[in-house]
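Colleague: Please find one structure pasted underneath; my questions will follow.
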Amino acid sequence: MSIEVEGLGYTYMKKSPYEKRALDNVSFRVEEGEFVAVVGQTGSGKSTLMQHLNGLIKLTEGKIKVDDIDLTARRPDYKRLRFLVGMVFQYPEYQLFDETVAKDVGFGCRNAGLSAEETEDRVRQAIALVGLDYDEIADRSPFELSGGQKRRVAIAGVVAMRPKVLILDEPTAGLDPVGRREIMEMVLSLHRTVCPTVLMVSHDMEAVAEYCDRVLVLSHGTLAYDATPAALFAKGEQLRDMGLDTPASVQLSTRLRQNGWDVPLCLTPKALAEAIAKALEGSR
Amino acid sequence: MKDVVFGQYYPTGSGVHHMDARAKVVLALAYIVLIFFVDSFVGYFAYALFVLSVTLVAKVPLRTLLRSVKGVAVLVLFISIINVFFSGLGEPLWQWWILSVSVDSLLHAAKMALRILLLVLGPALLTYTTTPMELTDAIESLMTPLKWVRFPVRDVAVIMSIALRMIPTLMEETDRIMLAQKARGASLDTGNIFKRVKALVPILIPLFVGAFRRAEELALALDARCYNASPKRTRYRILRFGWRDLVGLLAFGSLVAVVVLGAVRYDFDGMIYDLVASWVH
Ligand SMILES: Nc1ncnc2c1ncn2[C@@H]1O[C@H](COP(=O)(O)OP(=O)(O)OP(=O)(O)O)[C@@H](O)[C@H]1O
Ligand SMILES: [Mg+2]
């Protein structure tokens, strides 16, 4: 189970005055079990890339292979692909439509033609996986839930399809710090339990540094970096040129190192605190 | 999808694009009215020449302009066929049951087809060179006299521009929702008609919910800024009548002259009749 992308390019509205080159010669490979972040300035092509991976945008340039589904084939099996690669859009709560939460979460399973029992089973499991209480919420209308609950329900709708790859487009957009942390913890637990491979578009560098194994940086439609968070954030200046922030702990540990402190480059506040404590102890 | 976002606006920054939108709207109206008075090939040729030259000046590719005709192609074909076979004009060259074809009916059908095509091309050219926002401004300005009979021109204009402003947003939203439901395995373009209608539910409901949410937010935002449409307001884009508009008017004026004079002075249609008649015999 892997994703291979080679020489991927895409142009919106070709041959019109609004023509826009969104992706250009993007190549990478994601293995099963990886938690990959996709970052880049707004308009750099992140969403376009993600929508290619489950066939929502038809491949026009380059190659994509997901597991054994080759998108360059003449008639790729899009239906199977969409159940293999689950996609959670930005602000997914705006897609809820059904009368009850349970029905809405089961939408994907019904489309897959699963039996009523199987659907109910999966819905139960998915709602539990996103941290909600099935008995309390299943028969309520999705429109009367709180914003955070709605988002979880929408994510559950994708999780219920049991995709092997989960793609999330800015899952924490528009949430407060507590909400962001809760959603990230939930994504992490999904990654560890049901969807081994996760690709996440994010503008939240703190979350990227803390949770992801690998970062793809897009810049004006090209793949600028493909590195681990530690290697990437060590490039401070170049990242800023691409309009990307570095996490506060990285910035602070860089400053400390410049001032002669013996601390490594730290990605999370926790790691930094421990490093500082150790450094202080050592100097005493 | 973006077709709808900008109307059909095709930006080239040409002189036609920079014309006063009011002048263009008035010219387009006159163009439409005048075409119903044209009943000779001279007139249609003059019209075609006018459309062609405006297109060239506007730097809109001819192919793009012709795309706007696609929508009426079937209608034109239908009307032409009816006119060729059922008009009952002139001496029949060929007859069968109630169908007959004559030189007159052929020419008549050609005129009808030309009229419809030219009727579509003029307004299409207007929308290719004028943004929807400019159009609303122009219509508002042209409706000013209605203020004297207490017609709320301003309010109507605001409603119109908000509606126009929301179309692209709603189209984008529709796009997004469609993709999202497709990602959950919804198939929108397979199955019989009932299945397809049913497949629209997961798209329409979020769309309506979103539209109401937006309307409410917009109303709040307007209220929060103490918005009131009635008092005299200044505007951001000011329409000015300039030399380009004069050129446009003159060009159209010469079209009118050709249509009127040409039809009187030359028996052009007679020549065409003879030509076609000698060719078919
Ligand atoms: N449907 C579309 N039609 C035309 N152009 C588009 C469309 N969608 C995106 N684009 C353009 O393609 C480019 C890449 O867009 P994309 O949505 O992939 O960016 P992104 O990295 O996801 O940005 P963001 O962080 O704002 O979500 C942008 O310049 C955008 O204007
Ligand atoms: Mg995006």
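Sequences listed follow chains A and B, in order. Taking the numbering used here, the leading residue of the first sequence gets 1145, the next gets one more, and so forth. Taking the numbering used here, the leading residue of the second sequence gets -13, the next gets one more, and so forth. Note that CB positions come from ideal geometry on N, CA and C, so glycine has one too.
In whole angstroms, what is the alpha-carbon distance linking lysine 1379 of chain A and glutamine 1395 of chain A?
Modeller: Start at 1 with the first residue of the first sequence, and residue 1379 of chain A comes out as number 235. Start at 1 with the first residue of the first sequence, and residue 1395 of chain A comes out as number 251. Roughly 11 Å between the two C-alpha positions.
Colleague: Excluding five sequence neighbours on each side, which residues of the same chain lie with their C-beta closer than 8 Å to the C-beta of leucine 247 of chain B?
Modeller: As a working mapping, residue 247 of chain B is identified with position 261 in the second sequence. Taken in chain order, the list of residues that qualify is empty.
Colleague: Under 8 Å between the Cβ atoms of glutamine 1114 of chain A and methionine 1386 of chain A?
Modeller: Residue 1114 of chain A lies beyond the residue range present for chain A, which begins at 1145 and ends at 1428; the question has no answer from this structure.
Colleague: What residues of chain A sit near aspartate 196 of chain B, judged by a beta carbon separation below 8 Å?
Modeller: As a first step, residue 196 of chain B is located in the second sequence; it is residue number 210 there, counting from the start. Looking at the sequence provided, one finds glycine at residue 196 of chain B rather than aspartate. Residues of chain A passing the Cβ test: Tyr1238.
Colleague: Look at the alpha carbon of glycine 171 of chain B and the alpha carbon of leucine 241 of chain B, and state the distance between them as a whole number of angstroms.
Modeller: The count along the second sequence starts at 1 and reaches residue 171 of chain B at position 185. The count along the second sequence starts at 1 and reaches residue 241 of chain B at position 255. The straight-line gap from Cα to Cα measures roughly 57 Å.
Colleague: Any C-beta of chain A sitting closer than 8 Å to the C-beta of leucine 103 of chain B?
Modeller: By 1-based counting over the second sequence, the position of residue 103 of chain B is 117. Chain A, which has no Cβ nearer than 8 Å to the Cβ of leucine 103 of chain B, makes this no.
Colleague: Any idea which residues DSSP pairs glycine 171 of chain B with across the strands?
Modeller: Position 185 of the second sequence holds residue 171 of chain B. DSSP lists no partner for glycine 171 of chain B.
Colleague: Using beta-carbon positions only, say whether leucine 1225 of chain A and asparagine 1255 of chain A come within less than 8 Å of one another.
Modeller: Position 81 of the first sequence holds residue 1225 of chain A. Position 111 of the first sequence holds residue 1255 of chain A. Cβ atoms of leucine 1225 of chain A and asparagine 1255 of chain A: not closer than 8 Å.
Colleague: Please determine whether the Cβ atom of aspartate 1279 of chain A lies at a distance below 7 Å from any heavy atom of ligand 2.
Modeller: As a working note, residue 1279 of chain A is residue 135 in the first sequence. No; taking the cut-off as 7 Å, the Cβ of aspartate 1279 of chain A has no heavy atom of ligand 2 nearer than that.
Colleague: Ordered along the chain, which non-local residues of its own chain (more than five positions away) have a Cβ less than 6 Å from that of leucine 1203 of chain A?
Modeller: Position 59 of the first sequence, counted from the first residue, corresponds to residue 1203 of chain A. Counting only residues of its own chain and dropping the five nearest sequence neighbours on each side, leucine 1203 of chain A has a CB closer than 6 Å to the CB of Leu1215.
Colleague: Taking a contact to mean a Cβ-Cβ separation below 8 Å, would you say alanine 1282 of chain A touches isoleucine 1299 of chain A in this structure?
Modeller: Position 138 of the first sequence, counted from the start, is the residue given in the question as residue 1282 of chain A. Position 155 of the first sequence, counted from the start, is the residue given in the question as residue 1299 of chain A. Contact flag unset, no.
Colleague: Does the beta carbon of proline 1161 of chain A come closer than 8 Å to any beta carbon on chain B?
Modeller: Here residue 1161 of chain A refers to the residue found at position 17 when the first sequence is read from its first residue. By this cut-off, proline 1161 of chain A is an interface position.
Colleague: What does DSSP give as the partner residue(s) for arginine 1358 of chain A in the beta ladder?
Modeller: Along the first sequence, one-based indexing puts residue 1358 of chain A at 214. In DSSP, arginine 1358 of chain A forms a bridge with A/Val1180.
Colleague: With DSSP as the reference, label arginine 1325 of chain A as helix, strand or coil.
Modeller: Residue numbering aside, residue 1325 of chain A sits at position 181 when the first sequence is read from its first letter. The answer is helix: DSSP assigns arginine 1325 of chain A an H, G or I state.
Colleague: Are threonine 1337 of chain A and isoleucine 1327 of chain A close, meaning C-beta to C-beta below 8 Å?
Modeller: Mapped onto the first sequence, residue 1337 of chain A falls at position 193. Mapped onto the first sequence, residue 1327 of chain A falls at position 183. Contact flag unset, no.
Colleague: Consult DSSP for lysine 1190 of chain A and reduce its assignment to one of helix, strand or coil.
Modeller: The residue given as residue 1190 of chain A occupies position 46 in the first sequence. Correct three-state label for lysine 1190 of chain A: helix.
Colleague: Helix, strand or coil: how does DSSP classify glutamate 1175 of chain A here?
Modeller: Taking the first sequence and counting its residues from 1, the one referred to as residue 1175 of chain A is at position 31. Coil at glutamate 1175 of chain A, not helix or strand.
Colleague: Residue ranges of each beta strand (DSSP E) run of no fewer than 3 residues wholly in the stretch 64 to 112 of chain B, ordered along the chain?
Modeller: 80 to 82 and 85 to 87
Colleague: Near valine 1174 of chain A, what residues of its chain come up, given a Cβ to Cβ distance below 6 Å and the 5 sequence neighbours on each side ignored?
Modeller: As a working mapping, residue 1174 of chain A is identified with position 30 in the first sequence. If you ignore the 5 residues before and after valine 1174 of chain A, its C-beta comes within less than 6 Å of the C-beta of Ile1147 and Val1180, all in its own chain and listed in chain order.
Colleague: Any residue with its C-beta under 5 Å from a non-hydrogen atom of ligand 1 counts. Can you list them all in chain order?
Modeller: Residues flagged by the Cβ proximity filter: A/Tyr1156, A/Lys1164, A/Ala1166, A/Thr1186, A/Gly1187, A/Ser1188, A/Gly1189, A/Lys1190, A/Ser1191 and A/Thr1192.
Colleague: Is there contact between the stretch -8 to 9 of chain B and the stretch 36 to 54 of chain B, where contact requires at least three CB pairs shorter than 8 Å?
Modeller: Taking a cut-off of 8 Å for Cβ pairs, the stretch -8 to 9 of chain B and the stretch 36 to 54 of chain B touch, as three or more such pairs fall below it.
Colleague: Three-state secondary structure (DSSP) at leucine 1409 of chain A?
Modeller: Taking the first sequence and counting its residues from 1, one reaches residue 1409 of chain A at position 265. In the structure shown, leucine 1409 of chain A sits in coil (DSSP, three-state: anything other than H, G, I, E or B).
Colleague: Which residue or residues does DSSP assign as beta-bridge partners of leucine 1152 of chain A?
Modeller: Within the first sequence, the letter at position 8 stands for residue 1152 of chain A. Its beta-bridge partners are A/Val1170.
Colleague: Where does threonine 116 of chain B land, buried or exposed, given buried means 16+ other C-beta within 10 angstroms?
Modeller: Taking the first residue of the second sequence as 1, we reach residue 116 of chain B at position 130. Result: buried.
Colleague: I'd like to confirm something about aspartate 1168 of chain A: is its beta-carbon nearer than 7 Å to some heavy atom of ligand 4, or not?
Modeller: With respect to ligand 4, the structure shown offers nothing to examine, as its ligands consist of ligand 1 and ligand 2.
Colleague: Going by beta carbon distance, what residues of the same chain come within less than 7 Å of alanine 16 of chain B, once the five residues before and after it are set aside?
Modeller: The residue labelled residue 16 of chain B in the question sits at position 30 within the second sequence. Within the same chain, alanine 16 of chain B has close Cβ partners Phe238.
Colleague: Using 8 Å as the Cβ pair cut-off and three pairs as the minimum, do the stretch 103 to 118 of chain B and the stretch 78 to 90 of chain B touch?
Modeller: These segments do not touch.
Colleague: Residues of chain A with CB closer than 8 Å to the CB of tyrosine -4 of chain B, please, in chain order.
Modeller: In the second sequence, the residue the question calls residue -4 of chain B occupies position 10. Near tyrosine -4 of chain B (Cβ distances below 8 Å), the residues of chain A are Pro1161.
Colleague: By the 7 Å beta-carbon criterion, what residues does the stretch 1197 to 1208 of chain A contribute toward chain B?
Modeller: Asn1198 and Leu1200
Colleague: Give me the DSSP bridge partner(s) of isoleucine 145 of chain B.
Modeller: Here residue 145 of chain B corresponds to residue number 159 of the second sequence, with the count starting at 1. Bridge partners of isoleucine 145 of chain B: none, in fact.
Colleague: Assess, as a yes-or-no matter, whether the stretch 1237 to 1248 of chain A is touched by the stretch 1283 to 1295 of chain A under the definition of 3 or more beta carbon pairs within less than 8 Å.
Modeller: yes
Colleague: Report the neighbours of arginine 1226 of chain A on chain B: residues whose CB is nearer than 8 Å to its CB, in chain order.
Modeller: As a working mapping, residue 1226 of chain A is identified with position 82 in the first sequence. Within chain B, the residues near arginine 1226 of chain A are Lys168, Ala169, Arg170 and Gly171.
Colleague: Answer yes or no: do leucine 1258 of chain A and valine 1303 of chain A have a C-beta to C-beta separation smaller than 8 Å?
Modeller: As a first step, residue 1258 of chain A is located in the first sequence; it is residue number 114 there, counting from the start. As a first step, residue 1303 of chain A is located in the first sequence; it is residue number 159 there, counting from the start. Not a contact, by the Cβ cut-off of 8 Å.
Colleague: Is lysine 1164 of chain A helix, strand or coil when you go by DSSP?
Modeller: Translated into the one-based positions of the first sequence, residue 1164 of chain A becomes position 20. Correct three-state label for lysine 1164 of chain A: strand.
Colleague: Might you give, ordered along the chain, the residues of its own chain that have their beta carbon closer than 8 Å to the beta carbon of leucine 1388 of chain A, omitting 5 neighbours on each side?
Modeller: In the first sequence, counting from the first residue as 1, residue 1388 of chain A sits at position 244. Only Val1183, Gly1184, Gln1185, Met1349 and Val1361 meet the Cβ criterion.
Colleague: Quick one: does arginine 53 of chain B have its CB under 8 Å from some CB of chain A?
Modeller: For the purposes of this step, residue 53 of chain B is taken as the residue at position 67 of the second sequence. Not one chain A Cβ lies under 8 Å of arginine 53 of chain B.
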